[in-house]
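Per the working numbering, the sequence shown starts with residue 178, numbered consecutively. Note that beta-carbon positions come from the ideal geometry of N, C-alpha and C, so glycine has one too.
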Amino acid sequence: MRTLNLGILAHVDAGKTSLTERLLFDAGIIDKLGSVDTGNTQTDTLELERQRGITIRAAVVSFAIGDTTVNLIDTPGHPDFIAEVDRVLGWLDAAVVVVSAVEGVQAQTRVLVRALRRLGIPFVFFVNKVDRLGAGYPEVLEALAAQLTVRPIAMSSVIDAGSKLARVEALATGEEPLFSALCEALGENDEALLDDYVLAPERLTAERLGCCLADQVARGLVHPVFAGAAMTGAGVPALTSAIATLLPARRPDPDGPIAGKIFKIERGWGGEKLSYLYLTSGTVRLRQYLDLPRGEERATAIQLFEAGRSHGAESFRAGQIARVSGLAGARIGDAVGGDPASVGRAHFAPPTLETRVLARRPSDEAALWLALNRMAEQDPLINLRRNEQADEVFVSLYGEVQKEVIQSTLLTDFGLEAGFEESTIILVERLVGTGDGLQILFKEPNPFLATVGLRVEPRPPGSGNSFALEVEVGQMPIAFYRSVEESVFETLKQGIFGWQVIDCHVAMTAARYSSPASTAADFRQLTPWVLATALSAAQTVMCEPIDRFHLEAPVESLSNVLTLLAKSAATTTASVIVDGVARLEGTMASQMVQNVQQQLPRLTSGAGTMETGFDHYATMAGPPRVRRRSWPDPFNPVEYLLRLQSKRASY
């Protein structure tokens, strides 16, 4: 049986959860449609999701369309929860991007389409809410082509759009107007088809066009657009048929070696860890040991997602998703079996805001730290930082809505009341040059039974941090090299000024140990000191996050808007005036975004809108902004060694 991992993606309020409900209803999985407004949908199970009417956590449901098993993922639409979307992109076969026929292309739509195209994930569009006042199907089709650099093909026609009488008709492949539209679009990438369209159109059967369309959809060359209304079901059958026939599915091998990926982690009622595992190959059985990056773990219980429900099972096979208990050491993104190097990197920008979390009751501070660790375990892109000396706890965020979610979760799941300080921008450090550090075994002032030599050098912007060995691996036990590598990445989280160092390559240039006295702890504790020496020699500069913006405002308010942008040190890269509306694109420092968004309604009589998103990091002018450290400072060797000695003495 074929398997299709399908993501439902959209800007918030475009109607993707309603579309999920309709697909499940039409497939016979549920006998009553839920509603986001009444809070009884199949996939929004968190209490806060039901209260606010938004998706916060990605939800999984499985159902069949003909001979295709669809593992459907309903993802959050609000940009504050982009980390939840990030976790499922890496294993999707295809996606449906939902666009509102009223609002059209929105900020999150652009972000999601860029990510899908970058990853080579095929997708189709569903233009929802064609029965709502103000709906415009042709206008949305134009916006898709103009704003998303895709090749849309209208697969539906809409009659009386924008009214309750709106009707949606699926266009036939072999008939006009779809026949000509398909031939022209597909012919751009198929010379034989184009020749036949011009010289022998009778050769172009519906079957041939359908096969060619499916092939070009799979290659990301064209993007069919279906229209409808998820609440009434209009237009949804055509989309359902396309999911089964146009989108590329796979035939997984249940008899092959075990390989899969953990893409989500929850906690059960008793606090046990529940790992969501998608299996690409092999079969997993109850009480079987699974190979994880941090060692083997045994599956003590299996909840299989099947036919719209989850139920206990003795095993699950390739192509299926299960919630597995017993994997205590599992983390989101872990490869199960197979090659650990296959674990993908994040597909979206990191969070750029940070806030301090405070327990309402001082006696709850320890419990707060434990609870936040549990939450960070389920959301790895939301970093957690603690300053033990000042007893301060910080979390990084994508937006202010997350504060409410964290606050609600702490209260409902852990019984803890918490408050937040005002959010601040997260800065980073970038290397200026190259630098070396070296501490030699048995040579003062090195008190550790280890030799570690490190060299740091800058990498291209956006390439991330890396580590490599330039010594013979056989010189020491593998565990010692692993300790150095782990300590390197941990130390890079707090550079010379206390901020994370980005786009840095670290090479290990010297290594030695004393058998049998040396331990992994010697290398873990020596590495930060050596790396700090290398970073100090290379020097770093402070960088701030820069957002790209897309701003629309009436022409009569353009001068006021340009003045505001100039005061905010924004750089405008493109501007156009169409039908009395000025559209501006450019970049500005992330810390200026909130001020512009607050003043824009006043300057444009409420008609101005601005969409923003992280773009890059840029060097900051002025003196560096120092951030208080969370652990002993390796850039101050005397203090660092004293702190480590006092820690060892306390054990």
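Just to confirm the assignment, what range does the beta strand (DSSP E) spanning residue i have?
i, result
"residue 718", "717-731"
"residue 616", "612-616"
"residue 316", "Element bounds for residue 316: not the beta strand (DSSP E) but the alpha helix (DSSP H), 314-325."
"residue 467", "466-469"
"residue 269", "Premise fails: residue 269 is in no beta strand (DSSP E) and is neither H nor E."
"residue 792", "786-796"
"residue 643", "643-646"
"residue 690", "681-690"
"residue 486", "486-489"
"residue 537", "Here residue 537 belongs to no beta strand (DSSP E), and DSSP marks it neither H nor E."
Let me check understanding here. Comparing Cα to Cα, which of the options lies closest to residue i?
i, options, result
"residue 365", "390, 647, 667", "390"
"residue 487", "407, 767, 753, 238", "238"
"residue 636", "611, 652, 560", "611"
"residue 200", "250, 392, 290, 369", "250"
"residue 281", "319, 246, 247", "319"
"residue 773", "729, 292, 598, 641", "729"
"residue 677", "819, 762, 531, 792", "531"
"residue 793", "720, 800, 808, 762", "720"
"residue 553", "432, 768, 573", "573"
"residue 540", "592, 289, 341", "592"
"residue 775", "756, 745, 803, 749", "745"
"residue 180", "206, 354, 427", "427"
"residue 466", "502, 442, 448", "502"
"residue 306", "293, 297, 339, 296", "339"
"residue 654", "583, 697, 448", "697"
"residue 590", "617, 399, 447, 343", "447"
"residue 657", "692, 369, 643, 287", "692"
"residue 266", "244, 296, 624", "296"
Taking residue i and residue j to be in contact with their CB atoms under 8 Å, please state how far apart those CB atoms are, rounded to whole angstroms.
i, j, result
"residue 732", "residue 781", "So it is not a contact: roughly 10 Å between Cβ atoms."
"residue 404", "residue 247", "Not quite, the Cβ-Cβ distance comes to about 21 Å (not below 8 Å), so this is no contact."
"residue 424", "residue 394", "7 Å"
"residue 529", "residue 195", "So it is not a contact: roughly 31 Å between Cβ atoms."
"residue 321", "residue 302", "6 Å"
"residue 350", "residue 386", "5 Å"
"residue 504", "residue 580", "Residue 504 to residue 580, Cβ: 30 Å. No contact."
Output yes or no for whether 7 Å exceeds the beta carbon distance between residue i and residue j.
i, j, result
"residue 182", "residue 308", "no"
"residue 129", "residue 452", "The displayed coordinates of the chain run from 178 to 828. Any statement about residue 129 would go beyond what the structure contains."
"residue 209", "residue 275", "no"
"residue 715", "residue 633", "yes"
"residue 673", "residue 712", "yes"
"residue 770", "residue 704", "no"
"residue 421", "residue 242", "yes"
"residue 587", "residue 627", "no"
"residue 324", "residue 188", "no"
"residue 614", "residue 534", "no"
"residue 272", "residue 300", "yes"
"residue 796", "residue 724", "no"
"residue 345", "residue 410", "no"
"residue 665", "residue 700", "no"
"residue 807", "residue 563", "yes"
"residue 397", "residue 468", "no"
"residue 740", "residue 763", "no"
"residue 456", "residue 495", "yes"
Which residues mark the beginning and the end of the alpha helix (DSSP H) in which residue i is found?
i, result
"residue 372", "368-376"
"residue 779", "767-780"
"residue 200", "193-203"
"residue 746", "Unbroken run through residue 746: none, as it is neither H nor E."
"residue 655", "655-668"
"residue 418", "413-422"
"residue 307", "Counting along the chain, residue 307 falls outside any alpha helix (DSSP H), and DSSP gives it neither H nor E."
"residue 480", "Counting along the chain, residue 480 falls outside any alpha helix (DSSP H), though it belongs to the beta strand (DSSP E) covering 478-483."
"residue 359", "355-364"
"residue 607", "Residue 607 -> not in any alpha helix (DSSP H); beta strand (DSSP E) instead, spanning 605-608."
Check the Cβ-Cβ distances between residue i and every residue of chain D, and say whether any is below 7 Å.
i, result
"residue 270", "Absent here is chain D; the protein component of the structure consists of one chain."
Worksheet item: Is the region 324-331 touching the region 351-363, taking contact as three or more C-beta pairs under 8 Å?
Response: They touch, by the three-pair rule.
Worksheet item: Taking three-plus beta-carbon pairs below 8 Å as touching, is the region 803-814 in contact with the region 668-684?
Response: Judged by Cβ distances under 8 Å, the region 803-814 makes contact with the region 668-684, as three or more pairs qualify.
Practice prompt. Check whether the region 646-663 touches the region 680-695, taking contact to mean three or more Cβ pairs, one atom from each stretch, closer than 8 Å.
Written response: As far as the Cβ criterion goes, the region 646-663 touches the region 680-695, which means the pair count is three or higher.
Discussion item. Tell me whether the region 430-439 and the region 475-484 touch, counting them as touching only if at least three CB pairs, one residue from each stretch, are closer than 8 Å.
Written reply: By the Cβ criterion, the region 430-439 is not in contact with the region 475-484, since fewer than three pairs of Cβ atoms, one from each stretch, lie closer than 8 Å.
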